[in-house]
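Here's the structure, in structure tokens; my notes come after.
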């Protein structure tokens with residue numbers, strides 16, 4: 056039987072799925088006060104191009120508006136991924152009572168994985184915490200997301216290589232030198248010799264890839 060904590064983490068997972076649909080890293084969070092969800096959030100960093108748009112911060116802001124106070128005393132936060140240092144700091148500052156998180160973040164987690172800001176004795180507030188709640192489900196959505204990203208990247212790389220090969224074959228079929236041989240020959244041409252302008256519009260079926268057009272800009 057699903058307990059209360061699992062129910063709230065399921066709500067956070069649904070928000071993570073919403074982030075995934077937006078091609079965002081799927082992280083979701085909810086804040087609960089007296090048995091009611093008063094704050095919801097999901098990762099929107101890419102969509103908003105804002106490093107502050109983490110699920111926890113979005114949920115905290117909404118909960119503060121709901122209560123009309125920056126103090127979230129008596130509130131519990133459920134988030135699908137272990138909070139980062141920024142979010143852990145915001146949780147401390149907002150006086151959240153307890154944090155439940157799903158997946159551990161070995162490279163960026165600040166509630167036990169890399170460090171634990173909640174346990175530093177100097178703070179005037181130390182939230183309780185529990186990690187690993189519905190860990191399998193929370194980890195799976197993240198792993199599936201990044202696996203799909205890697206596969207998409209490999210596919211794009213393969214497609215660019217195929218287009219480049221087709222471009223060379225097309226130039227050869229039309230009696231034109233390939234793009235790569237032209238570049239090599241031009242580097243050896245004397246600066247006193249007029250350069251011949253060569254158009255590839257008739258033999259290249261697709262334009263150069265985006266990185267080449269931008270000079271390799273990432």
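In this note's numbering, the protein residues as written are 56 to 273.
Beta carbons: idealized from backbone N, C-alpha and C, even for Gly.
Determine the direct distance from the alpha carbon of residue 206 to that of residue 149, and round the result to whole angstroms.
Taking the CA atoms as reference points, residue 149 sits about 40 Å from residue 206.
Sort out for me which residues DSSP pairs residue 171 with in a bridge.
DSSP lists 166 as partners of residue 171.
Using the rule of at least 16 other Cβ atoms within 10 Å of the residue's Cβ for burial, across every protein chain shown, is residue 210 buried or exposed?
By the 10 Å Cβ count, residue 210 comes out exposed.
Proximity below 9 Å, CB of residue 118 to CB of residue 130:
Closer than 9 Å, so yes.
Euclidean distance between Cα positions of residue 278 and residue 109:
For the chain, the structure presents residues 56 to 273; residue 278 sits outside this window and is missing.
Express the C-alpha separation of residue 192 and residue 281 in angstroms, rounding to a whole number.
Within the shown structure, residues of the chain are numbered from 56 to 273, placing residue 281 beyond reach of any answer.
When the Cα of residue 163 is compared with those of 180, 182, 140 and 187, which residue comes out closest?
Comparing Cα positions, the closest option is 140.
Among residues of its own chain, excluding the 5 on either side of residue 142, which ones have a beta-carbon nearer than 7 Å to its beta-carbon?
Residues of the same chain with a CB within less than 7 Å of the CB of residue 142, apart from the 5 flanking positions on each side, are 109, 111 and 112 in chain order.
For residue 71, which residues in the same chain have their Cβ closer than 7 Å to its Cβ, ignoring the five residues on either side in sequence?
Hits under 7 Å: 81, 82, 83, 97, 135 and 196.
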